[in-house]
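Residue numbers (our numbering): 5 to 132.
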């Protein structure tokens, strides 16, 4: 009988401890983060001189819409600022190309098919 009583007391104590455990931490407020302006990008070429685009690790050498941009590979600024590639095209070397059909960029940029081989579905010499 003594063991049963001790077991019940231990079980009751464990239940009370679990019932009074601390609630999970509440989420912090984003009020101030929403009110502050976004941080200034290091490669912001509007508020900084355009020469910032020529620095090492710059995303590109051309200033387009206030951001340093690589006009050789950007689909939004392909070749020049604000020259957007149409849907399905990719910017390769500053030109908008269709990787599924382009002989000089078959499947990926600079993947050239042989002279007599046709590029179909992004593969050279597709046997479909």
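For glycine and all other residues, C-beta sits at the position ideal for the given N, C-alpha and C.
Annotation for residue 124: 130 place their beta carbon closer than 6 Å to its own, counting only its chain and skipping 5 residues before and after. DSSP assignment within the stretch 85-126 yields no whole alpha helix (DSSP H) run of 4 residues or more.
Residue range 66-68 is occupied by the beta strand (DSSP E) that includes residue 68. Put simply, of 68, 7, 82, 111 the residue whose alpha carbon is nearest the alpha carbon of residue 97 is 82.
Looking only at 51, 58, 76, 77, the smallest Cα-Cα distance to residue 69 is reached by 51. For residue 75, the secondary structure class from DSSP, reduced to helix, strand or coil, is coil.
Residue environment: residue 75 is assigned as buried (16 or more neighbouring CB atoms within 10 Å of its CB, all protein chains considered). In the three-state DSSP reduction, residue 129 falls in the coil class, being neither helix nor strand.
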